[in-house]
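Going letter by letter, the sequence shown gives residues 1 to 138 in UniProt numbering. Inspection log for the structure reproduced underneath, given as structure tokens.
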Amino acid sequence: MRMQNFKIQSSGLGRFFGPLEAKIMEILWSSDSEITIKDVHHKLDQEKAMSFNTVMTVMNRLVEKDILQKRPLIRSFVYCPVMSREAFMEAQSKELTFDLIEEFGSQAVVHMVDALDQVDPALLDRLEQKIKELKKDR
């Protein structure tokens with residue numbers, strides 16, 4: 001799942017979603033079950049007055065983008081994320097990394113290696129193991 005319009009100046013979910021989309025996704029990811037537009041609207045409306053139709057439009061666009069799925073339930077629909085927040089961020093970071101390497105080649109890899117002095121030593125151990133596996137497979 002490739003998200004369009006990555007926003008480098010933003011942070012977190014704001015890099016992939018508009019502000020309302022990000023808030024809606026946070027609500028859905030924090031919900032432990034499927035949720036209706038009415039429920040999402042109620043949670044958003046507590047923070048800032050918002051049109052029900054706006055929330056409905058954004059949620060249905062997220063369905064069209066394959067971020068949410070919906071299914072009928074009695075006289076309404078319930079929505080849930082296609083993947084967990086963690087899986088979404090994993091997929092997006094992977095796509096972004098591949099795009100950077102495709103566009104900038106070895107420069108991107110060198111800059112990523114330069115940034116390793118700022119990461120947890122356990123991550124360095126995992127990276128070292130991954131590099132050994134890659135070398136062994138060649």
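Beta carbons: idealized from backbone N, C-alpha and C, even for Gly. All figures in this text were calculated on a predicted structure; none of them were measured in a lab.
Candidates the options, of which the one nearest residue i by Cα
i	options	result
Phe17	Arg126, Lys43, Arg85, Val78	Arg85
Arg71	Thr36, Glu128, Leu116, Ile8	Thr36
Arg61	Pro81, Asp117, Met89	Pro81
Between the CA atoms of residue j and residue i - distance to the nearest angstrom
i	j	result
Met56	Ser30	19 Å
Glu95	Leu13	15 Å
Met112	Arg138	22 Å
Ser11	Phe77	31 Å
Ser51	Val63	19 Å
Glu21	Ser106	34 Å
Ala115	Ala108	11 Å
His42	Glu26	14 Å
Asn53	Ser33	22 Å
Lys136	Ala87	28 Å
Gln129	Ser93	20 Å
Arg126	Gln46	43 Å
Leu73	Ala49	26 Å
Opposing strand residues paired with residue i [DSSP bridges]
i	result
Ile35	Tyr79
Sequence-distant residues of the same chain with beta carbon closer than 7 Å to residue i, five excluded per side
i	result
Met59	Ile24, Ile37, Val40, Leu68, Tyr79
Cutoff 6 Å; reference residue i; Cβ partners in own chain excluding five residues on either side
i	result
Ile131	none
As an exercise, report each continuous alpha helix (DSSP H) stretch of at least 4 residues that is fully enclosed by the region 69-110, in chain order. 85-104
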